[in-house]
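Residue numbers (full-length UniProt numbering): 1 to 764.
The beta carbon of each residue, even a glycine, is placed where N, CA and C say it ideally should be.
Everything below concerns the one structure shown next.
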């Protein structure tokens with residue numbers, strides 16, 4: 001860490017929303033460029049800065065700021081320059097001169113302690129004094145919060161949020177209970193709050209600490225796809241993390257449940273510990289899916305068998321009985337789930353269903369969880385399909401990390417039918433928001449491959465719906481005649497059935513290249529992507545058509561190393577391409593990149609109509625290309641596959657990563673002409689059939705596996721199911737089996753108190 005003190009000579013760039021700043025500081029050694037989050041910085045301020053030196057390839061040496069502190073001036077000249085900078089509302093150069101002429105070096109003491117004395121200056125009335133007082137007090141308060149909290153890893157931007165929430169009582173509130181920050185300020189977790197508490201001398205067995213720790217442990221467990229944590233697991237983990245007695249843990253779990261920060265529910269012989277958001281989402285989804293299933297809807301006055309025959313004739317196909325059953329069921333049921341592997345006709349069935357509904361003058365909405373999946377759905381159906389977020393008209397709330405939707409139970413979707421594809425990717429929160437926006441009497445068709453990986457977020461919704469056996473399900477097993485020619489599809493089904501795939505058949509589309517050394521596997525992958533595959537098919541673009549996927553992030557064959565190697569080959573260094581290094585990732589103009597988390601506050605504009613269409617929200621898994629890099633203001637522009645342009649600064653750049661290679665989890669919901677995958681022995685958690693099946697089904701034209709045959713066999717044999725903790729299936733079954741079946745009541749009050757409306761981060 002290096003220290004620098006100097007005067008702000010020029011502000012080159014500043015993001016007013018998050019405080020990210022590029023500025024020039026005039027110190028004893030001349031001008032220094034600084035970059036970092038520094039709210040309220042103004043030209044003329046005297047700052048004491050702490051940070052790390054870095055050398056930018058174009059702009060030279062810069063100080064990346066970790067901590068900042070304003071040094072208030074003591075001389076009359078310095079005070080006048082400070083007040084003239086515009087830092088305080090109501091004081092400009094003329095007023096600043098008058099104030100300093102009257103109070104001299106005592107000016108700041110007057111502002112701090114005797115602000116009413118400003119009445120002594122001609123032209124300053126009570127209204128202006130109130131404005132000055134409010135602005136100056138805010139600056140002082142935020143500055144004090146920053147001084148108090150920055151050493152604990154709290155960012156300046158978070159300090160501004162703390163002040164916005166608690167105002168003048170911020171420091172007092174934090175000193176009394178630092179753990180309140182974990183509830184109210186996004187980005188501040190238990191570990192930061194615990195460091196603050198320890199330094200303040202708060203006891204390790206403080207109820208504040210134990211209850212915050214309990215919530216932290218449950219939340220961390222749910223990050224692995226669970227909607228609840230078994231009580232026994234929580235107690236074991238809490239003993240290890242919190243280092244307090246079992247009695248203290250049990251007492252605080254009970255107290256937390258009384259306060260509503262967690263929910264306890266008995267299931268069979270176990271106690272389940274929920275975060276409220278997941279608890280209420282499960283209840284809401286359970287009720288709504290059943291009401292939709294058994295509600296009355298407008299019947300279609302068409303001969304469905306005749307419509308199916310006409311569609312077959314027009315498209316020169318012959319539906320199997322299970323496929324006809326799926327089409328008829330979609331018309332005759334309130335809710336139907338259609339599940340099946342590749343080549344079983346899911347897309348063709350959707351097209352037929354849609355044609356029938358449209359002929360019956362019903363309004364059909366189509367949606368998918370990701371931009372790529374929605375685009376693919378739209379192209380195959382030749383109709384508009386939206387992401388679920390866009391369908392529900394997503395809005396960013398006042399908290400930039402929380403999501404709200406315009407469409408909900410109060411303002412439902414104006415349609416007769418909703419068709420949702422890639423449903424295996426939908427977590428419990430998104431499914432809850434979707435179902436709430438669908439009015440009773442609307443048909444819902446849920447389409448997906450239940451054998452693919454489950455959602456990244458909590459829950460295993462599609463699987464739970466199917467296994468409840470309470471919702472109409474059609475399983476497609478027969479492969480369409482045309483699809484039988486594809487080894488990709490044939491082998492995907494063989495893998496899913498636990499059989500070795502057919503390899504290296506002449507003139508086919510599924511290949512295995514044997515390599516027993518990881519470095520050789522890596523070299524072969526690079527050659528395939530750069531030379532051999534584009535040479536085999538001239539229409540394949542190296543960047544957009546050939547996708548490398550890997551089971552893991554780290555290691556020689558993990559996506560981090562693969563991306564570095566592929567970048568150097570596919571988008572090599574050039575004087576014509578700007579670069580930007582950020583947290584060990586080097587971005588270059590032309591790079592293929594991916595958004596790694598949902599961000600509901602990132603602004604985008606469409607490149608199709610001169611930026612006239614714009615909105616908020618870029619989502620986990622969205623892929624794009626770096627359009628430009630501006631090193632002067634530290635911004636990077638990305639154009640995503642759905643023609644959206646997004647400008648990133650350093651605040652959000654850690655959400656972006658290279659995407660020449662992606663994990664199999666991240667590839668879900670997308671399709672590519674060619675999939676290339678390393679196959680090697682690794683963790684059994686990642687070496688499983690489900691993962692291999694998902695990877696293979698991402699390819700449309702060719703699959704190339706490179707690696708060890710024994711590793712391929714191990715993955716196929718390893719069908720160990722890593723079940724998620726969820727009660728959704730059981731809730732659905734319990735309602736259907738109960739004597740007073742609320743799902744079948746004509747006027748069931750499903751719209752009672754709804755605590756599942758809460759956004760992604762806030763808990764009731």
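Among the options, which one has its Cα closest to the Cα of residue i?
i           : options               : result
residue 767 : 510, 639 and 334      : Lying before the first or after the last residue shown, residue 767 is absent from the chain, which here runs from 1 to 764.
residue 116 : 132, 565, 681 and 105 : 132
residue 174 : 157, 23, 539 and 193  : 193
residue 601 : 417, 395 and 457      : 395
residue 364 : 355, 105 and 470      : 355
residue 405 : 379, 419 and 438      : 438
residue 428 : 321, 581, 283 and 515 : 283
residue 263 : 730, 287, 228 and 270 : 228
residue 77  : 98, 61, 89 and 65     : 98
residue 41  : 55, 25 and 30         : 25
residue 578 : 450, 616, 634 and 46  : 634
residue 641 : 375, 67 and 423       : 375
residue 103 : 89, 120 and 90        : 120
residue 505 : 487, 189 and 495      : 487
residue 554 : 518, 543, 468 and 537 : 518
residue 64  : 361, 38 and 196       : 38
residue 550 : 13, 688, 540 and 469  : 688
residue 15  : 643, 301, 36 and 1    : 36
residue 316 : 348, 716 and 327      : 348
residue 346 : 381, 631 and 362      : 381
residue 218 : 248, 257 and 113      : 257
residue 182 : 166, 215, 167 and 198 : 215
residue 411 : 403, 430, 436 and 431 : 436
Out of curiosity, what's the CA-to-CA distance linking residue i and residue j?
i           : j           : result
residue 128 : residue 231 : 58 Å
residue 548 : residue 567 : 12 Å
residue 341 : residue 693 : 10 Å
residue 32  : residue 574 : 28 Å
residue 391 : residue 367 : 7 Å
residue 244 : residue 225 : 28 Å
residue 43  : residue 191 : 36 Å
residue 275 : residue 201 : 29 Å
residue 525 : residue 678 : 8 Å
residue 452 : residue 684 : 17 Å
residue 433 : residue 388 : 9 Å
residue 21  : residue 156 : 11 Å
residue 147 : residue 384 : 52 Å
residue 101 : residue 5   : 27 Å
residue 60  : residue 50  : 18 Å
residue 307 : residue 672 : 33 Å
residue 336 : residue 418 : 11 Å
residue 212 : residue 68  : 29 Å
residue 498 : residue 463 : 19 Å
residue 583 : residue 564 : 14 Å
residue 357 : residue 470 : 25 Å
Could you round the C-beta distance between residue i and residue j to whole angstroms and report it? I think they count as a contact, below 8 Å.
i           : j           : result
residue 339 : residue 448 : 6 Å
residue 682 : residue 552 : 6 Å
residue 242 : residue 273 : Contact flag wrong, Cβ pair sits at about 15 Å.
residue 676 : residue 529 : 6 Å
residue 443 : residue 416 : 7 Å
residue 450 : residue 424 : 6 Å
residue 196 : residue 152 : 5 Å
residue 360 : residue 302 : 6 Å
residue 846 : residue 738 : The displayed coordinates of the chain run from 1 to 764. Any statement about residue 846 would go beyond what the structure contains.
residue 124 : residue 145 : About 28 Å separates the two Cβ atoms, so there is no contact after all.
Using a C-beta cutoff of 8 Å, does residue i count as contacting chain C?
i           : result
residue 662 : Among the protein chains of the structure shown there is no chain C, as only one such chain exists.
Segment contact, 8 Å Cβ cut-off, at least three pairs: the segment 548-560 with the segment 650-669: Yes, since at least three Cβ pairs between the segment 548-560 and the segment 650-669 fall closer than 8 Å, the two stretches touch.
Any alpha helix (DSSP H) of 4 or more consecutive residues that is wholly inside the segment 434-520: DSSP assignment within the segment 434-520 yields the following whole alpha helix (DSSP H) runs of 4 residues or more, N-terminal first: 461-468 and 487-496.
Three or more C-beta pairs below 8 Å linking the segment 722-731 and the segment 457-466: Note that the segment 722-731 touches the segment 457-466; at least 3 beta-carbon pairs, one per stretch, sit closer than 8 Å.
Inter-stretch contact at 8 Å, needing at least 3 Cβ pairs: the segment 634-650 / the segment 678-695: No, the segment 634-650 is not in contact with the segment 678-695.
Whole runs of the alpha helix (DSSP H) within the segment 223-300, excluding any shorter than 4 residues: Every unbroken stretch of the alpha helix (DSSP H) spanning 4 or more residues and falling wholly within the segment 223-300 is given here in chain order: 231-242, 246-259 and 276-294.
Cβ contact (3+ pairs, closer than 8 Å) linking the segment 319-327 and the segment 467-481: The segment 319-327 vs the segment 467-481: in contact.
The segment 588-603 / the segment 618-630 touching (three or more Cβ pairs under 8 Å): The answer is yes - the segment 618-630 touches the segment 588-603, with three or more Cβ pairs under 8 Å.
Contained beta strand (DSSP E) runs [length at least 3] in the segment 568-639, N- to C-terminal order: The segment 568-639 contains these whole beta strand (DSSP E) runs: 579-582, 585-588, 592-595, 599-606, 614-618 and 623-630.
Alpha helix (DSSP H) runs wholly inside the segment 634-699, at least 4 long, in chain order: Runs of the alpha helix (DSSP H) inside the segment 634-699: 664-667 and 689-696.
Segment contact flag, the segment 206-215 with the segment 166-184, C-beta cutoff 8 Å, min 3 pairs: The segment 206-215 is in contact with the segment 166-184.
Completely contained alpha helix (DSSP H) runs for the segment 299-337, where each covers 4 or more residues: Taken in chain order, the whole alpha helix (DSSP H) runs of length 4 or more contained in the segment 299-337 are 304-315 and 321-332.
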